[in-house]
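K.L.:
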Amino acid sequence: MVICVGGGLQINREFKRRGIPRDFGPLGRRNKTFREKQLARNILEKNQIKVQDFLAKKGITAVVIIPVLDLGSVLCHVNGDTLVEVAYIGFDDLFVITTEVRKADKEKDFGNLRRVQVIGFPKNFPGESVNWNFSNKESCGKPSQRGVIACLKEAVMFKTWKDFVGKTIAVLVSGGLDSTAIIKWMTEKGIRVIAITVDFAQPDENDLSDIPRRMKAAGAVEAYLIDGKAKLAEYMLKVIQGLACYDGRYMLTTSIARMAAVAVALPTIRKVGADAVSHGSTGKGNDQIRFELALAALAPDLEMYVPWRDQSFIDELGGRPEMIHYCENFGLVISATLEQPYSTDANFAGLTHEAGILEKLTTATSAVKFVMGNSPFDAPDKKTRVKIIFKAGRPVAVNDVEMNLEEIFLTLNAIAGENAIGIGLDQIENRVLGLKSRGIYESPGVTLVFIAYLIMVGVIIDDESRLYLDITSRMFAKAVYGGKFFHPVSAMLQAAIASAARFITGHVTLDLYKGTYDVVEIDGGPNCLYCEEKASMDKKQENLHVWSQGWVAWAADTVRNLAAAGQTGEA
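Residue 1636 in my numbering is what sits at position 415 of the sequence shown, and the numbering runs on without skipping anything.
1. How many Å lie between residue 1419 and residue 1544 at the Cα?
2. Please report how far the alpha carbon of residue 1537 lies from the alpha carbon of residue 1383, in whole angstroms.
3. Assuming residue 1523 and residue 1516 form a contact by the criterion Cβ under 8 Å, report the distance between their Cβ atoms to the nearest whole angstrom.
4. Is residue 1664 helix, strand or coil by DSSP?
5. Taking the continuous alpha helix (DSSP H) assigned at residue 1810, which residues delimit it?
6. Relative to the alpha-carbon of residue 1426, which residue among 1614, 1721, 1589 and 1566 has its alpha-carbon at the smallest distance?
7. Could you compute how far the alpha carbon of residue 1708 sits from the alpha carbon of residue 1518?
8. Only counting runs of 4 or more residues, tell me where the alpha helix (DSSP H) segments fall wholly within the stretch 1384-1438, in order along the chain.
9. Can you tell me whether DSSP reads residue 1574 as helix, strand or coil?
10. Can you tell me whether residue 1551 is helix, strand or coil according to DSSP?
11. Spatial neighbours of residue 1456 within its chain, please: CB distance less than 7 Å, with the 5 preceding and 5 following residues excluded, ordered by chain position.
12. What does the Cβ neighbour count give for residue 1601, buried or exposed, with the cut at 16 atoms within 10 Å?
13. Under 7 Å Cβ to Cβ from residue 1647, same chain only, skipping five residues before and after it: list those, please.
14. To the nearest angstrom, how far is the alpha carbon of residue 1704 from that of residue 1654?
15. Within this structure, are the beta carbons of residue 1643 and residue 1635 separated by less than 8 Å?
16. Taking DSSP as the reference, what is the three-state secondary structure of residue 1757?
17. I'd like to confirm the pairing. Which residues does DSSP put opposite residue 1510 in its beta bridges?
18. Please classify residue 1593: does DSSP put it in a helix, a strand, or coil?
19. Rounded to a whole number of angstroms, what is the C-alpha to C-alpha distance between residue 1444 and residue 1405?
20. Expressed to the nearest angstrom, what Euclidean distance is found between the alpha-carbon atoms of residue 1757 and residue 1765?
21. Go ahead and pull the three-state DSSP assignment for residue 1600.
22. Who are the near neighbours of residue 1789 in its chain, counting only those whose CB is closer than 6 Å to its CB and skipping five residues on each side?
23. For the beta strand (DSSP E) containing residue 1499, name the first residue and the last one.
24. Tell me, which residues are paired with residue 1742 by DSSP?
25. According to DSSP, simplified to helix, strand and coil, what is residue 1786?
26. With contact counted as at least three CB pairs below 8 Å, one residue from each stretch, are the stretch 1731-1744 and the stretch 1665-1684 in contact?
27. Assign residue 1452 to buried or exposed, taking buried as 16 or more other Cβ atoms, counted over all protein chains shown, within 10 Å of its Cβ.
28. Inspect the beta-carbon positions of residue 1392 and residue 1414 and report whether they are closer than 8 Å.
29. Using only alpha-carbon positions, find the residue among 1454, 1535 and 1785 that is nearest to residue 1381.
30. Taking the alpha helix (DSSP H) that residue 1617 belongs to, which residues open and close that run?
31. Closest by CA to residue 1572, which one among 1473, 1580 and 1271?
32. Can you give me the C-alpha to C-alpha distance between residue 1786 and residue 1778, rounded to a whole angstrom?
33. What is the C-beta distance between residue 1651 and residue 1508, in whole angstroms, given that I count them as a contact (C-beta under 8 Å)?
34. Can you look up residue 1687 in the DSSP assignment and give me helix, strand or coil?
35. Give me the Cα-Cα distance between residue 1578 and residue 1259, rounded to the nearest whole angstrom.
36. What number of angstroms, rounded off, separates the C-alpha of residue 1751 from the C-alpha of residue 1710?
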């Protein structure tokens, strides 16, 4: 949903209070001064924040913007002038719609326009909603110039269940409470549902093979369980090679799994001839963005239907208690209970604990019951030695036993998990929508491979290449976290990352102990840049000390020039 926020009435009142003449605009005698524009902009931005807060409380997902052009009196009349000179990008659909509205307003012909929902603001905000169907001329009219919120649902292809009655929707499901309730609800509305679950060896699921049966019991006409472990392993390796940790720590295990799920499920979605695709992600989280951006990149022709953005679904099943009660009324088997203190999301790469009691920052990390391993307090009182062998950037063996990538992650999950490596990362992070959220993560095998890979990078990759890799790692982490794994920027970053990864050949041996490790041995292989003889502080190659003199003298002379120009000293 795109929401454009106005504020004409407040601006008029404030200008009047300050004695500012209103003889400006396209037909006026003058342009606004910078101060006047800044004042108008501040008022609009306050409206924007107020609307964002209100929508967040209601659980409504929307992009809230302030106008960058005169949207026309039909939608958002703001003194007939462009009040904001900030350039927003990415709202081409909005621009097209508003241009059509302005043209229709001028010609008094609204027959070809789509429906627009308008809510008065601020007098009756968040008051009643007024719907205009522009195909009915009698229902048209200019909204109040108090400043309005124009909810351009059609501009972002917003759909309700009524648009899909009798059609086929492929739903990506995990098999839990949300999945069961959504499938039953959609089926009851007359939608033909195909349930698709991707097998990522989820450690929090007792019997993945039973999910298709449960989804059919909920009303799905077909239900598929597709093996996605190999795809996830490959995608996860790209994250490790890119040294991509979001906000510096999170290994992106859930983020990249969403990309793998879409890639793996898409052939089945095509095979069943689905008219649209759906998912069960809520309106406040990141996963809705990840699923939909991935689908937009790989299957731009497919429509999306999102129950959590359909007001009918929210009104009927907008919370956990409502969904549990709904499923129980239909006799559907669910494991969820109202007593569960938090939720989990898992795949073999990692597990996330979030929501519930964890939303309180006074809840300790120890409140979580770990699934993939021990906490450092419960780990064995002895060291465990592990050797990881790399070839051209890929881990190929553990303790000299060759394995495929999927087997390596699963094997290291057991070893690292037992010794509390990658268990219990407690992080407050920045969601894509701008909210702060808390997650407690488990990713033992992935974390151990990352540690070993980072050690190999240290002995193989040169200084300038490492600096570039550090820059790309942050960009790649942000792209993956935000669902842009299939975006051109991700492809560019992966090309740079792969260029460095091809040199990573050798092995690392570590002793693991209660969440930490000792480096036992590093073999940098044929591409190793570390040279013990040259790096030694002992008297081995005296000429190296002499060679450094010229470099230091040149660098010092550059600094002396800065000092002479008065550009050095304490900050």
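Yeah, the Cβ is synthetic: ideal placement off N, Cα and C, and Gly gets one too.
These numbers come from a predicted model, not from an experiment.
P.N.:
Working from what's here:
1. In the sequence shown, counting from the first residue as 1, residue 1419 sits at position 198. In the sequence shown, counting from the first residue as 1, residue 1544 sits at position 323. So the alpha carbons of these two residues sit roughly 23 Å apart.
2. Indexing the sequence shown from 1 puts residue 1537 at position 316. Indexing the sequence shown from 1 puts residue 1383 at position 162. Annotation: residue 1537 to residue 1383 spans about 15 Å, alpha carbon to alpha carbon.
3. Here residue 1523 is taken as the residue at index 302 of the sequence shown, counted from 1. Here residue 1516 is taken as the residue at index 295 of the sequence shown, counted from 1. Indeed, because the Cβ distance is near 6 Å, the residues count as touching under 8 Å.
4. Position 443 of the sequence shown, counting from 1, holds the residue named residue 1664. Reduced to three states, the DSSP call for residue 1664 is coil.
5. The question about residue 1810 has no answer, for the chain in this structure spans 1222 to 1792.
6. By 1-based counting over the sequence shown, the position of residue 1426 is 205. The shortest C-alpha separation from residue 1426 is found at 1566.
7. Counted from its first residue, the sequence shown places residue 1708 at position 487. Counted from its first residue, the sequence shown places residue 1518 at position 297. When rounded, the separation of the alpha-carbon atoms in residue 1708 and residue 1518 is 7 Å.
8. Whole alpha helix (DSSP H) segments, 4+ residues: 1398-1409 and 1432-1438.
9. Reading the sequence shown from its first residue, position 353 is the one you call residue 1574. Here residue 1574 sits in strand by DSSP.
10. Translated into the one-based positions of the sequence shown, residue 1551 becomes position 330. Annotated three-state conformation of residue 1551 is coil, per DSSP.
11. By 1-based counting over the sequence shown, the position of residue 1456 is 235. Hits under 7 Å: 1477, 1480 and 1481.
12. One-based indexing of the sequence shown puts residue 1601 at position 380. Around the CB of residue 1601, fewer than 16 other CB atoms lie within 10 Å, so the residue is classed as exposed.
13. As a position in the sequence shown, residue 1647 is number 426, starting the count at 1. The beta carbon of residue 1647 sits closer than 7 Å to those of 1586 and 1661, all from its chain and outside the five residues before and after it, given in chain order.
14. Along the sequence shown, one-based indexing puts residue 1704 at 483. Along the sequence shown, one-based indexing puts residue 1654 at 433. Pairing residue 1704 with residue 1654, the inter-Cα distance amounts to about 12 Å.
15. Here the question's residue 1643 lines up with position 422 in the sequence shown. Here the question's residue 1635 lines up with position 414 in the sequence shown. No, the pair does not count as a contact, with Cβ atoms beyond the cut-off.
16. Translated into the one-based positions of the sequence shown, residue 1757 becomes position 536. In this structure, residue 1757 counts as coil in the three-state DSSP scheme.
17. Residue mapping note: residue 1510 aligns to position 289 of the sequence shown, counting from 1. For residue 1510, which the question treats as bridged, DSSP gives no partner whatsoever.
18. Position 372 of the sequence shown holds residue 1593. In the three-state reduction of the DSSP assignment, residue 1593 falls in the coil class.
19. For the purposes of this step, residue 1444 is taken as residue 223 along the sequence shown, with counting starting at 1. For the purposes of this step, residue 1405 is taken as residue 184 along the sequence shown, with counting starting at 1. Cα to Cα, the separation comes out at about 13 Å.
20. Here residue 1757 is taken as the residue at index 536 of the sequence shown, counted from 1. Here residue 1765 is taken as the residue at index 544 of the sequence shown, counted from 1. Distance between the alpha carbons of residue 1757 and residue 1765: 11 Å.
21. Locating residue 1600 in the sequence shown gives position 379, counting from the first residue. Looking at residue 1600 - three-state DSSP - the assignment turns out to be coil, as it is neither helix nor strand.
22. Position 568 of the sequence shown, counted from the first residue, corresponds to residue 1789. 1783.
23. Along the sequence shown, one-based indexing puts residue 1499 at 278. 1497-1500 is the extent of the beta strand (DSSP E) around residue 1499.
24. Working through the sequence shown from its first residue, we reach residue 1742 at position 521. In DSSP, residue 1742 forms a bridge with 1730.
25. Here residue 1786 refers to the residue found at position 565 of the sequence shown. It is coil, neither helix nor strand.
26. The stretch 1731-1744 is in contact with the stretch 1665-1684.
27. Along the sequence shown, read from residue 1 onward, the residue named residue 1452 stands at position 231. Residue environment: residue 1452 is assigned as buried (16 or more neighbouring CB atoms within 10 Å of its CB, all protein chains considered).
28. Residue 1392 sits at position 171 when you count from the first residue of the sequence shown. Residue 1414 sits at position 193 when you count from the first residue of the sequence shown. Cβ distance < 8 Å, so residue 1392 and residue 1414 count as in contact.
29. If you number the sequence shown from 1, residue 1381 lands on position 160. Its Cα nearest to that of residue 1381, the residue 1535 stands out among 1454, 1535 and 1785.
30. By one-based count along the sequence shown, residue 1617 stands at place 396. Counting along the chain, residue 1617 falls outside any alpha helix (DSSP H), though it belongs to the beta strand (DSSP E) covering 1615-1619.
31. The residue labelled residue 1572 in the question sits at position 351 within the sequence shown. With distances taken between Cα atoms, residue 1572 lies closest to 1473.
32. Position 565 of the sequence shown holds residue 1786. Position 557 of the sequence shown holds residue 1778. Spanning the two alpha carbons is a distance of roughly 13 Å.
33. Mapped onto the sequence shown, residue 1651 falls at position 430. Mapped onto the sequence shown, residue 1508 falls at position 287. About 15 Å separates the CB atoms of residue 1651 and residue 1508; that is not less than 8 Å, and the two are not in contact.
34. On the sequence shown, residue 1687 is found 466 positions in, with the first residue counted as 1. Looking at residue 1687 - three-state DSSP - the assignment turns out to be helix.
35. Start at 1 with the first residue of the sequence shown, and residue 1578 comes out as number 357. Start at 1 with the first residue of the sequence shown, and residue 1259 comes out as number 38. Cα to Cα, the separation comes out at about 42 Å.
36. Within the sequence shown, residue 1751 is the residue found at index 530, counting from 1. Within the sequence shown, residue 1710 is the residue found at index 489, counting from 1. Straight-line Cα distance between these residues: approximately 32 Å.
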